[in-house]
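For the sequence shown, this note's numbering gives the first residue as 11, with consecutive numbering after it. These notes are about the structure you will find just below.
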Amino acid sequence: MTKNVIGNSLDENVTLTSEVLSSMTDGVYIVDRDRRILFWNKAAERITGYKATDVMGSFCRDDILCHVDHSGQCLCEKGCPLEAIIEDGVPRELHVYLSHQKGHRVPVHVRGTPIFGTDNQVIACVEVFNDDTQRLSMMDRLAKLEDQALLDPLTGLTNRRHFEQTLEKSINRYQRQHKPFGLILVDIDQFKKINDFYGHDMGDQLIGLIARTLSGHCRAYDTASRWGGDKFAVIIDDIDQQTLTEMAERMRNTVNRSALEHNECHITVSVSIGASIVQEDEDAQTFFQRVNDLLLNAKQKGRNQTWSSDMASE
11 MTKNVIGNSL
21 DENVTLTSEV
31 LSSMTDGVYI
41 VDRDRRILFW
51 NKAAERITGY
61 KATDVMGSFC
71 RDDILCHVDH
81 SGQCLCEKGC
91 PLEAIIEDGV
101 PRELHVYLSH
111 QKGHRVPVHV
121 RGTPIFGTDN
131 QVIACVEVFN
141 DDTQRLSMMD
151 RLAKLEDQAL
161 LDPLTGLTNR
171 RHFEQTLEKS
181 INRYQRQHKP
191 FGLILVDIDQ
201 FKKINDFYGH
211 DMGDQLIGLI
221 ARTLSGHCRA
231 YDTASRWGGD
241 KFAVIIDDID
251 QQTLTEMAER
261 MRNTVNRSAL
271 EHNECHITVS
281 VSIGASIVQE
291 DEDAQTFFQR
301 VNDLLLNAKQ
311 KGRNQTWSSD
321 MASE
């Protein structure tokens, strides 16, 4: 480890380096072993709103900046990185929030480094910090873009990409833990005729109606997705075949009792459903295709019904 070694006359050395530190664009302050603030540069003033005259001679543990972590824990009370660095001489780096002089929180990236005396003991610590707002803003934008890439804009459900990722994860978890999970595929009956007759706006409203119905029957840890067009997929965790079939039937019956109004017309719709729990040695593609075949059977046998794997085996 490379050490910063200065003479034991700390005040003299701080004076010698103050011009260099003052020109830095990052905030810099120096504390002694008691965590008393000895130096505070212009960038620190800009980022925090506190003038050097406001803080010089104060102790950082006096909660001037009130550093907190992402969970809201006050680091000045427990977990102060400067205190730890002074104790063990190990540099630290972390992302925290400080309290601006005007009262609002400022995200900062903090890097603390020990200063060693000629006797190889830590005599002070320098903290360099910069405003982290831009980085967090970028992360937030990336997270939103990621969410948008995994959400269906019409329904707000997750999209096919997210469904396929979740199905793969569920298969992998099943292979490790052997906890059964189920898949329900839902298709709107005669959707093309409805769309052609009433128009695409009404078709979109019906898709939204089905999406709300499916998500309303899901538990918090289930995943309802719009697979594409008028087809939906629901992954149900920790469930047996009978319970899965009953759940699918409740979805279908709820759709039957739902309706939309259009130009004084009462528009109803039905769905066909395929439902099954995963079987041994199935991969995601095989499992999906088998449940899709059940859905096609429901379509071919008259629509508005649920076909499940226990029915298919009879």
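All C-beta atoms in this analysis are idealised placements derived from N, C-alpha and C, irrespective of residue type, glycine included.
Per-residue DSSP class, three states only, for residue i
i: valine 15; result: Residue confidence is low: valine 15 scores 47 on pLDDT, short of 50, so the model does not pin down where it sits. Its coordinate-derived value is still stated next. Valine 15: strand per DSSP, three-state reduction.
i: glycine 122; result: strand
i: aspartate 370; result: Since the displayed the chain opens at 11 and closes at 324, residue 370 lies outside it and no answer follows.
i: glutamate 290; result: coil
i: proline 117; result: strand
i: isoleucine 249; result: coil
i: histidine 276; result: strand
i: glycine 238; result: strand
i: glycine 218; result: helix
Test item: CB-CB of residue i and residue j under 8 Å
i: leucine 304; j: alanine 285; result: yes
i: glycine 67; j: arginine 46; result: yes
i: phenylalanine 139; j: glycine 209; result: no
i: cysteine 90; j: arginine 71; result: yes
i: valine 281; j: aspartate 197; result: yes
i: leucine 195; j: alanine 234; result: no
i: glutamate 103; j: arginine 121; result: yes
i: isoleucine 245; j: phenylalanine 191; result: yes
i: glycine 59; j: histidine 105; result: no
i: alanine 258; j: threonine 176; result: no
i: isoleucine 57; j: valine 65; result: no
i: serine 180; j: glutamine 251; result: no
Residue i versus the options, residue with shortest Cα-Cα distance
i: asparagine 182; options: Leu164, Arg171 and Asp247; result: Asp247
i: threonine 253; options: Leu193, Val106 and Gln200; result: Leu193
i: aspartate 142; options: Asn51, Asp293, Val100 and Arg115; result: Arg115
i: isoleucine 95; options: Asp211, Phe126, Leu108 and Thr223; result: Phe126
i: aspartate 79; options: Leu108, Lys203 and Ile57; result: Leu108
Presumed contact (8 Å Cβ cut-off) between residue i and residue j, rounded CB distance
i: leucine 270; j: glutamine 215; result: 6 Å
i: proline 117; j: leucine 92; result: In fact, because the Cβ distance is near 18 Å, the residues do not count as touching under 8 Å.
Buried or exposed (CB count within 10 angstroms, at least 16 for buried), residue i
i: alanine 308; result: buried
i: tyrosine 184; result: buried
i: aspartate 206; result: exposed
i: asparagine 266; result: exposed
i: valine 41; result: buried
i: leucine 164; result: exposed
i: tyrosine 231; result: exposed
i: glycine 213; result: buried
i: arginine 236; result: buried
i: histidine 77; result: buried
i: threonine 128; result: exposed
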